[in-house]
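Under my numbering, think of the first position of the sequence shown as 6, with each following residue one higher. Glycine included, C-beta positions come from ideal geometry on N, C-alpha and C. What you are looking at is a predicted structure, and each value in this text was computed from that prediction instead of being measured. One structure below.
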Amino acid sequence: MPIRAQKTRVMEDRCNSLIPLDIETNRCEEVLRHCRPKECKPVNHNLDDCDVVPTPQDWMKFNSEDEVRSYYTKYANQEGFAIMTRTSKRGADGKLFYFILACSSKGYRRIGKKNPVTNCSSGKQKCEARIIVNLCEDGAYCFKSITLNHNHELNPNQVKSRNSADTNNRLKRTLDPNDQAEKGGKKSFGSLVVKPEVNENLAFCEQGFRNYIQKEKRLIGEDGDGHALHKYFMRMQEQDSNFFYAIDFDDCFCVKNIFWADGRSRAAYKLFGDVVKFDSTYLSNQYKIPLTFLVGVNHHGQSILFGCGLLSSEDTQSFVWLFQSWLVCMSGVQPKGIITDQRKAVQSAIGIVFPSTRHSWCLSHIMKKLPQNIGGHTEYDTLSYHLQRVVYDSFTTNEFETAWKMIAEEFDLEDNEWLRELYLERHRWVPTFIRCSFWAGMSATQLGAIPRGFFVEIISVQTSLKQFVDKYDIALQAKVEKEFEADFLSYSSTLECATNSPIERQFQSAYTHAKFLEVQKEFIGKADCNVCIAHVEGSICHYNVIEDTMIGDKPKETMFQVTFDRVNCDVKCICNMFEFKGILCRHSLGILSMERVKEIPCKYILNRWMKSMKRRHAYVKTSYAAKQLQPQIQKFDLLCKQFESVAEVASEFEETSSFVKNTICDLKEKLESWASCLRNSSDMAVPISCAVEGT
6 MPIRAQKTRV MEDRCNSLIP LDIETNRCEE VLRHCRPKEC KPVNHNLDDC DVVPTPQDWM
66 KFNSEDEVRS YYTKYANQEG FAIMTRTSKR GADGKLFYFI LACSSKGYRR IGKKNPVTNC
126 SSGKQKCEAR IIVNLCEDGA YCFKSITLNH NHELNPNQVK SRNSADTNNR LKRTLDPNDQ
186 AEKGGKKSFG SLVVKPEVNE NLAFCEQGFR NYIQKEKRLI GEDGDGHALH KYFMRMQEQD
246 SNFFYAIDFD DCFCVKNIFW ADGRSRAAYK LFGDVVKFDS TYLSNQYKIP LTFLVGVNHH
306 GQSILFGCGL LSSEDTQSFV WLFQSWLVCM SGVQPKGIIT DQRKAVQSAI GIVFPSTRHS
366 WCLSHIMKKL PQNIGGHTEY DTLSYHLQRV VYDSFTTNEF ETAWKMIAEE FDLEDNEWLR
426 ELYLERHRWV PTFIRCSFWA GMSATQLGAI PRGFFVEIIS VQTSLKQFVD KYDIALQAKV
486 EKEFEADFLS YSSTLECATN SPIERQFQSA YTHAKFLEVQ KEFIGKADCN VCIAHVEGSI
546 CHYNVIEDTM IGDKPKETMF QVTFDRVNCD VKCICNMFEF KGILCRHSLG ILSMERVKEI
606 PCKYILNRWM KSMKRRHAYV KTSYAAKQLQ PQIQKFDLLC KQFESVAEVA SEFEETSSFV
666 KNTICDLKEK LESWASCLRN SSDMAVPISC AVEGT
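Below you can see the structure in the form of structure tokens.
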């Protein structure tokens with residue numbers, strides 16, 4: 006459902022983010038600061054037991070905006086006129102410093118005909134009665150100006166306040182369940198006015214009721230109202246200079262789509278943006294918020310956020326806008342691979358925005374749809390088992406295609422439209438087709454490997470937009486803390502090797518704990534492999550590796566072909582595990598062991614999984630940064646500002662610019678060498694078992 010937003014002018018700041026521009030706020034704040042009353046006498050605000058509400062006086066003083074509104078609402082009800090907020094201004098700190106409450110008699114309105122008990126006034130004329138409220142220097146609110154005269158008749162018996170602030174708590178509890186049950190506006194209001202004991206005390210008319218319901222919907226975001234999100238954007242802009250967001254409006258200036266990404270996500274994309282997963286799970290109608298997001302995996306294999314979006318529709322145009330906004334945010338750098346669900350609109354948008362990017366479908370999403378699309382088959386259990394075996398256990402394209410056609414014939418599935426479309430697009434999802442490219446292990450290619458959603462801890466079918474925004478920073482901080490903890494353990498402790506292989510020790514010293522454990526699993530699994538040489542062609546050796554596995558309670562032998570070049574130590578297995586995950590498989594490790602290789606080439610140790618890689622994204626200032634890194638973040642932010650001032654001076658002349666560039670290059674080399682020495686001198690790495698015992 007479209008997200009409503011107030012009209013606002015926008016500008017693009019130096020980091021390309023779109024932010025609202027309030028032209029008058031600063032000017033008005035400066036003018037009104039000199040007009041605020043210096044001396045205000047207190048007033049008794051306990052009006053509940055008073056028979057008569059006092060007339061507004063310029064000496065009155067209120068502790069909060071709510072007190073002002075409550076007082077003026079009661080006064081208006083007593084005198085017989087309805088009120089409205091005409092103007093309000095907030096300062097840079099978000100605090101209200103100026104507002105006007107006025108009589109709402111302005112213009113004309115037709116009398117409601119369907120509800121005879123509606124309390125709305127019909128003939129409205131322009132009225133100048135109002136109070137102008139300023140924020141005093143001591144933090145209280147005082148009247149700057151008071152206009153009491155009305156140019157229309159007042160009737161306390163007919164006119165009741167439409168200000169929802171006067172709606173008592175008992176009535177709110179009555180309204181909210183009615184609205185949650187999706188009753189119509191008139192039906193919900195009717196459920197109140199038909200009760201004499203309630204109707205007699207109603208402090209609002211039907212339009213006031215509608216205003217209250219709409220206000221509450223904006224607060225909870227049930228109808229996609231972006232008010233809560235907009236406030237979050239404003240706060241993030243103040244805290245993070247690299248925060249980016251874009252808003253797509255329709256012709257009526259209603260918000261169609263929104264995208265945002267903070268500075269940490271933008272910095273992380275530079276390191277881990279080779280493979281991206283686009284998650285559109287929450288576009289399903291069962292969820293209240295139409296959320297989409299893009300994630301990758303960091304050097305620990307943990308999910309890391311690259312940006313979020315809210316979409317009002319699921320057409321190609323919306324996805325194109327989202328991907329284009331994200332691409333601008335990421336300085337035009339396309340990912341090498343992107344994983345999505347099977348939406349046709351998404352596929353079309355990727356072809357338009359990312360024409361050179363590999364596109365695959367999430368295998369776990371497809372396999373979860375088996376019961377839905379073939380669950381009615383009389384031999385479903387057997388069919389499902391064979392399909393999964395073909396999908397997960399085929400290691401060549403010919404093997405998969407042959408086995409798939411045999412299943413289609415045996416179970417009479419040639420006319421199944423869903424399976425036919427899957428087969429035509431097999432290059433997007435079948436493991437044997439996609440394993441030849443690097444996907445950072447993000448696409449589930451093993452049976453039962455179903456990844457958890459990034460926001461699964463904070464989003465349910467009942468989660469509103471406001472609830473999501475409130476928990477957003479908390480969820481991200483939890484993930485940042487996990488990354489920091491993994492970094493700390495990888496630096497401060499050492500996992501013990503499972504074998505005496507010098508190659509395993511190479512990975513032990515280079516990789517993060519999480520990735521070293523994946524490598525170690527392959528070293529252990531090497532014991533289940535039997536290696537025999539097939540034939541030799543010059544320096545190229547062809548091996549057959551037979552691996553013993555268990556399928557349930559039954560043993561199974563699977564043969565893998567591995568080639569090895571004795572000149573440059575190149576090794577390649579038919580399982581393509583290294584090409585797909587960046588981890589050498591047990592079959593290749595078995596061949597390296599047989600060939601007595603003591604040290605593998607650097608190309609098999611990916612920088613992406615190394616614990617020593619530069620983690621600039623961890624030092625970016627955000628609202629959810631790891632508490633333990635606050636000193637480094639502050640120093641990083643300070644140095645960046647100082648470098649900006651140097652660049653400002655140096656950029657004036659070519660000579661000064663060249664001097665600074667050369668000096669920075671020399672300085673960087675010296676600093677890297679110095680930092681390496683400092684790390685080595687402070688390296689207290691101990692076996693992980695000892696580290697745990699000592700804590």
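- In this structure, DSSP gives S442 a state outside helix and strand, which the three-state scheme calls coil.
- For the pair G312 and S270, the CB atoms are nearer than the 8 angstroms cut-off.
- Around W366, the same chain offers Q347, R433, W434 as residues with beta carbons nearer than 6 angstroms, after the five sequence neighbours per side are excluded.
- Within its own chain, the residues whose Cβ lies closer than 7 angstroms to the Cβ of I545, once the five positions on either side in sequence are excluded, are T568, D570, listed in chain order.
- Remark: C-beta atoms of A503 and I529 approach each other more closely than 8 angstroms.
- According to DSSP, residue pairing for N378 in a beta bridge does not occur.
- In its chain, beyond the 5 residues on either side, R135, I136, I137 have a beta carbon closer than 8 angstroms to the beta carbon of S150.
- Counted as a single uninterrupted DSSP element, the alpha helix (DSSP H) harbouring T407 occupies residues 402-415.
- Straight-line measurement puts the Cα of Q244 at about 33 angstroms from the Cα of Y516.
- Of the candidates W444, S628, K261, the residue whose Cα lies closest to the Cα of L368 is W444.
- Here S469 is near I294, since their CB atoms are less than 8 angstroms apart.
- At the C-beta level, E584 and R440 come within 8 angstroms of one another.
- Here M582 is buried, its C-beta having at least 16 other C-beta atoms within 10 Å.
- T468 carries a coil assignment under DSSP once its states are collapsed to helix, strand and coil.
- Pairing S109 with Q647, the inter-Cα distance amounts to about 54 angstroms.
- The C-beta distance from E404 to A413 rounds to 15 angstroms, too long to meet the 8 angstroms contact threshold.
- The DSSP-derived three-state label of E488 is helix.
- Q525 counts as buried, since no fewer than 16 other beta carbons sit within 10 angstroms of its beta carbon.
- Residue burial is scored here from C-beta neighbours: M239 has fewer than 16 other C-beta atoms within 10 angstroms and is therefore classed as exposed.
- Comparing alpha carbon positions, the residue from A87, S318, K94, Y477 closest to E158 is A87.
- Separation of L327 and Q62 (C-alpha to C-alpha, rounded to the nearest whole angstrom) is 54 angstroms.
- The criterion of a C-beta distance shorter than 8 angstroms is satisfied by Y496 and K616.
- In this chain, the beta strand (DSSP E) harbouring K577 covers 575-578.
- Annotation for S93: the continuous beta strand (DSSP E) segment containing it runs 88-95.
- Bounds of the alpha helix (DSSP H) holding P507 are 507-515.
- Secondary structure remark: continuous alpha helix (DSSP H) runs of at least 4 residues inside the segment 590-659, in chain order: 591-599, 635-655.
- Excluding five sequence positions before and after C537, the CB atoms of its chain that fall closer than 6 angstroms to its own CB belong to N549, given in chain order.
- Within the DSSP secondary-structure output, G587 pairs in no beta bridge.
- In this structure, L106 sits away from L140, with a CB-CB distance that is not shorter than 8 angstroms.
- Judged by DSSP secondary structure, D398 falls within the alpha helix (DSSP H) whose first and last residues are 385-398.
- Of the candidates E653, I508, L672, I508 places its Cα closest to the Cα of P606.
- Here T286 has G458 as same chain residues with Cβ atoms under 7 angstroms from its own Cβ, once five neighbours each way along the sequence are excluded.
- When DSSP states are grouped into helix, strand and coil, M335 belongs to the coil group.
- With respect to F416, L375 sits apart: the two C-beta atoms are not nearer than 8 angstroms.
- The Cβ-Cβ distance between V280 and M447 falls below 8 angstroms.
- Unbroken alpha helix (DSSP H) runs of no fewer than 4 residues, entirely contained in the segment 218-305, are found at 232-244, 268-277, following chain order.
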